[in-house]
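Trainee: Got a structure for you, written out below as structure tokens; questions coming shortly.
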Amino acid sequence: MKRRDFVSGTAALAASGTIASLAPPAFAATIKPYSWDLNPPTDTREHFIEWGKARGEDPGFLGQRWDRCQALLRNKDLWSAPTIRAFLLTPREEFASVRPQIHKHAYDHAFLDIGYGVTMSGPHLQGRMTNVLEVKRGDKVLEIGTGSGVQSAYIANLTENAYTIEIIKPLAERTRALYDKLIEKGYTEYQHIKSKAADGYYGWEEFAPFDKIIVTCGIDHVPPPLLQQLKSGGLMVIPVGPPGAQRVLKIAKVEGADGSITTTREDIYGGKIVPFVPFTKLEGDKIVGTHNR
Numbered sequence: 020m021k022r023r024d025f026v027s028g029t030a031a032l033a034a035s036g037t038i039a040s041l042a043p044p045a046f047a048a049t050i051k052p053y054s055w056d057l058n059p060p061t062d063t064r065e066h067f068i069e070w071g072k073a074r075g076e077d078p079g080f081l082g083q084r085w086d087r088c089q090a091l092l093r094n095k096d097l098w099s100a101p102t103i104r105a106f107l108l109t110p111r112e113e114f115a116s117v118r119p120q121i122h123k124h125a126y127d128h129a130f131l132d133i134g135y136g137v138t139m140s141g142p143h144l145q146g147r148m149t150n151v152l153e154v155k156r157g158d159k160v161l162e163i164g165t166g167s168g169v170q171s172a173y174i175a176n177l178t179e180n181a182y183t184i185e186i187i188k189p190l191a192e193r194t195r196a197l198y199d200k201l202i203e204k205g206y207t208e209y210q211h212i213k214s215k216a217a218d219g220y221y222g223w224e225e226f227a228p229f230d231k232i233i234v235t236c237g238i239d240h241v242p243p244p245l246l247q248q249l250k251s252g253g254l255m256v257i258p259v260g261p262p263g264a265q266r267v268l269k270i271a272k273v274e275g276a277d278g279s280i281t282t283t284r285e286d287i288y289g290g291k292i293v294p295f296v297p298f299t300k301l302e303g304d305k306i307v308g309t310h311n312r
């Protein structure tokens, strides 16, 4: 169907009052507010869905969330209890709702087009990148590349100190508005997220140093400002390599007894190439090229 035919057809239905009868069934308008003691059951699918329904969530998506979580566990993309909890508490469907054509695919093992030339990473990749960071309560975590917002949504279930930067200003504004809408709905954990529109290559010096940094766009080197803003003993996960052929590295910043700083690198996929959107560069108020050398 052509877009203009769909729009005109929808307008006609709205005018006739018919569209209301075609809308999906409404679920609770509010969600039980967040607390650190909120722990979804992990024993059975049925118990998890009933728990989530009582909280006010859509049982259809709850079932998909449970099933994807089990796939993540089987594939060893999730393994720690805090990260499993964070995944089960994060409504990917809310972040996919910004584009109707991807909404029902929120839990697919796929990258999803969210507009502006960028994607929402798949749940397996996000799960593993989050898990290897070993985020603890109180950690200060910086994300580069807010995108749909779902990555920082996971982090907000792990720590009260989540920071995220998006270079595409209208996307940053859209995602901030979504966070605020979800906070009103009851997902009060997203109050833990501070966001801004800027070039993430330079980090967020005002709030540095950070215990953990997660980069969700590909680059051919580790940005020196980010490494500088990472605490000694901190961890960074970042896709590094030529365009479209990055390897996801876990970088540890280590301080020696003599005060010297070194880094260690570990490929979290054992050499597997994972393509990411490019780490773009801001000149003035325009995005111009990438930060690749």
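Residue numbering for the sequence shown is 20 to 312, as defined by the numbering used here. Cβ atoms here follow ideal geometry from the backbone N, Cα and C, with glycine treated the same way. What you are looking at is a predicted structure, and each value in this text was computed from that prediction instead of being measured.
(1) Since residue 212 and residue 191 should fall inside the 8 Å C-beta cutoff, what is the C-beta to C-beta distance between them, to a whole number of angstroms?
(2) Rounded to the nearest angstrom, how far is the Cβ of residue 158 from that of residue 77, given a contact under 8 Å?
(3) Less than 8 Å separating the beta-carbons of residue 50 and residue 84?
(4) Within a Cβ cutoff of 8 Å, which residues of the same chain sit near residue 266, ignoring the five residues on either side of it in sequence?
(5) Does the Cβ of residue 307 have 16 or more other Cβ atoms within 10 Å, making it buried, or fewer, making it exposed?
(6) Below 8 Å on the Cβ atoms is my guess for residue 189 versus residue 135; work out the distance and round it to an integer in Å.
(7) Which full runs of the alpha helix (DSSP H) of 4+ residues lie inside the stretch 113-158, going along the chain?
(8) Near residue 87, what residues of its chain come up, given a Cβ to Cβ distance below 6 Å and the 5 sequence neighbours on each side ignored?
(9) Give every residue of the same chain whose Cβ lies closer than 6 Å to the Cβ of residue 43, excluding the five residues on either side of it in the sequence, and list them in chain order.
(10) Does DSSP classify residue 217 as helix, strand or coil?
(11) Can you tell which of 194, 184 and 54 has the C-alpha that lies nearest to the C-alpha of residue 226?
(12) Measure the C-alpha to C-alpha separation of residue 82 and residue 68 and round it to an integer number of angstroms.
(13) Roughly how many whole angstroms lie between the Cα atoms of residue 254 and residue 309?
(14) Can you tell which of 256, 264 and 252 has the C-alpha that lies nearest to the C-alpha of residue 274?
(15) Assign residue 201 to one of three DSSP states: helix, strand, or coil.
(16) Is the separation between the beta-carbon of residue 295 and that of residue 237 shorter than 8 Å?
Mentor: Inspection of the coordinates gives the following:
(1) In fact, because the Cβ distance is near 12 Å, the residues do not count as touching under 8 Å.
(2) Between the beta-carbon of residue 158 and that of residue 77 there is about 31 Å, and that puts the pair past the 8 Å contact cut.
(3) no
(4) 258, 259, 260, 286, 288, 290, 291, 292 and 293
(5) exposed
(6) Sure, about 7 Å apart at Cβ, within 8 Å.
(7) The stretch 113-158 contains these whole alpha helix (DSSP H) runs: 119-122 and 142-152.
(8) 126 and 142
(9) Low local confidence applies: a pLDDT of 39 at residue 43 is under 50, so the model's placement there is unreliable, with the coordinate-based value given in what follows. So the list is empty, once near-sequence residues are dropped.
(10) It is coil, neither helix nor strand.
(11) Nearest C-alpha to residue 226 among 194, 184 and 54: 184.
(12) 6 Å
(13) 24 Å
(14) The candidate whose alpha carbon is nearest that of residue 274 is 252.
(15) In the structure shown, residue 201 adopts helical secondary structure according to DSSP, grouped into three states.
(16) yes
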